[in-house]
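Let me begin by presenting the structure, written as structure tokens, before commenting on it.
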Amino acid sequence: MFKKLKKTQFLPQDKPVMVWDGECGFCKYWTTRWRNITKDNIAYIPYQEAKDHFRDIELIHFKQASRFIDKEGRIYSGPQSAYKTLSYNRNWAFLNNWYENYSLFTNFSDQLYNLIAKNRGVFFKITKLLFGSDPKVVRPFWVIYLAIIMYFMYVW
């Protein structure tokens, strides 16, 4: 389980920062998607670079989970780092609200995040299968799969 951190004394320079694992294909895929959603409102920096700026955050914490650091230095960890990032597009802000206000959603998100973190390779393959291999172009293949399943359920 990842450790939730509170605050850093080293504030982001211009805008909030999403810190992610720059060597992880799954992480790169999703941060590319989020960058398209949030535009230029957030800096996306691999922890391999960010660790030198946020010197009061131990490397192990960056390796455990993604971190979102707001302009006041507050740190959001794991799934909340993703939800906080997405909240910079008002269409997706509800996810962070749910995480902060509904313990069932919080617990589910934390457990799912841990499962994905431990099996990134498998989930990267699933991601590409469901959404396509180009994170800049949304191809919801899962709709096609669902339609095929529903067709066969109807026929039988």
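According to the numbering used here, the sequence shown is numbered sequentially starting from 291. C-beta atoms are modelled at their ideal positions from N, C-alpha and C, and glycine is treated no differently. Remember, predicted model here, so these are calculated numbers, not experimental data.
Unbroken stretches of the alpha helix (DSSP H), 4 residues or longer, contained in the stretch 339 to 417:
349 to 354, 369 to 376, 383 to 391, 393 to 408
Using 8 Å as the cut-off, can you tell me whether the stretch 370 to 382 makes contact with the stretch 350 to 361, which would need three or more C-beta pairs spanning the two stretches below that distance?
yes
Just checking, does the stretch 402 to 412 make contact with the stretch 322 to 333 on the three C-beta pairs under 8 Å criterion?
No, the stretch 402 to 412 does not touch the stretch 322 to 333.
Residue range of the beta strand (DSSP E) that includes Ile335:
Within the sequence shown, the letter at position 45 stands for residue 335. That run of the beta strand (DSSP E) goes 333 to 336.
What's the C-alpha gap between Arg364 and Tyr444?
Residue 364 sits at position 74 when you count from the first residue of the sequence shown. Residue 444 sits at position 154 when you count from the first residue of the sequence shown. Each residue's alpha carbon lies about 51 Å from the other.
DSSP has Met308 in a bridge; who is on the other side?
The residue you call residue 308 lines up with position 18 of the sequence shown. Answer is Tyr334, Phe358.
Do Gly315 and Gly411 have their C-beta atoms within less than 9 Å of each other?
Counting from one through the sequence shown, the residue named residue 315 turns up at place 25. Counting from one through the sequence shown, the residue named residue 411 turns up at place 121. Yes, the pair counts as a contact, with Cβ atoms nearer than the cut-off.
Would you call Thr321 buried or exposed, if buried means 16 or more other Cβ atoms sit within 10 Å of its Cβ?
Reading the sequence shown from its first residue, position 31 is the one you call residue 321. Result: buried.
Quick one, which of Val309, Phe292, Cys317 has its alpha-carbon nearest Lys415's?
Reading the sequence shown from its first residue, position 125 is the one you call residue 415. Comparing Cα positions, the closest option is Cys317.
Exposed unless 16 or more other CB atoms sit within 10 angstroms - verdict on Val309:
Locating residue 309 in the sequence shown gives position 19, counting from the first residue. Under this definition Val309 is a buried residue.
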